[in-house]
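In the working numbering, the protein residues as written are 2 to 188.
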């Protein structure tokens, strides 16, 4: 311990070091994603992350529109079972056309990178909304549940079960309040 440095300063320094490493990791993932996406997209920033991957905000340069890109973490790309499940989820989600399911536009499949490009929904997850504003009004909860049910029924009608329905996988569009399902977790 350096002179004049107490436990609180050490803890703060440790936290800053960890944050720096996380930022470096995010930057590395963004660089990897940019390399995998090629010249057709420009990666902007991280939107979120889960156990298997990271979701980035990017711009589709040909169509001049924002998109979200889900990229599988590098350590999982070479695991055959995870790779196949991820590709199957991508392809099935890409076959959907429903106003309450986030559309998938393209699959990225390279030896060291696996991901897919989907519509960017300007908004927040149901988890974020409840954390920010508290419980939904009954009328809003009914509307969100109805819209999610419509999306689930559409998928079910095509023989697909969403295996990871949770507030983190329900997006609420900022402009309209529309609820959309994402991340089907098809196993």
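By construction, the Cβ of each residue, glycine as well, lies at the ideal position given by its N, Cα and C atoms.
Being a predicted model, the structure only gives us computed values, none of them experimental.
- The segment 95 to 182 is shown to contain whole beta strand (DSSP E) runs of 3 or more residues at 105 to 111, 114 to 120, 124 to 126, 171 to 174 and 180 to 182, in chain order.
- Of the residues 78, 145 and 143, the one whose Cα lies closest to the Cα of residue 112 is 78.
- Of the residues assessed, residue 105 falls on the buried side of the cut-off, its CB having 16 or more other CB atoms within 10 angstroms.
- Within the segment 24 to 88, the complete alpha helix (DSSP H) segments of 4 residues or longer fall at 75 to 78, listed in chain order.
- If you check the CB distance, residue 173 and residue 130 come in under 7 Å.
- When the Cα atoms are used, residue 97 and residue 134 turn out to be separated by approximately 31 Å.
- Contact annotation: residue 47 and residue 38 have beta-carbon atoms that are not nearer than 7 Å.
- By alpha-carbon distance to residue 88, the top candidate from 121, 132 and 73 is 73.
- Going by beta carbons, residue 137 and residue 168 fall outside the 7 Å limit.
- In terms of CA proximity to residue 163, 183 leads the group 183, 147 and 179.
- Residue 64 counts as exposed, since fewer than 16 other C-beta atoms from the protein chains shown sit within 10 angstroms of its C-beta.
- Exposed is the label assigned to residue 146, since fewer than 16 other Cβ atoms lie within 10 Å of its Cβ.
- Contact between residue 124 and residue 103 does not hold, since the beta-carbon distance rounds to 11 Å and is not under 8 Å.
- Within 10 angstroms of the beta-carbon of residue 90 lie 16 or more other beta-carbons, which makes it buried.
- Distance from the CA of residue 175 to the CA of residue 110, rounded to the nearest whole angstrom, comes to 31 Å.
- Around the beta carbon of residue 148, 16 or more other beta carbons lie within 10 angstroms, which makes this residue buried.
- Around residue 83, the same chain offers 77 as residues with beta carbons nearer than 6 Å, after the five sequence neighbours per side are excluded.
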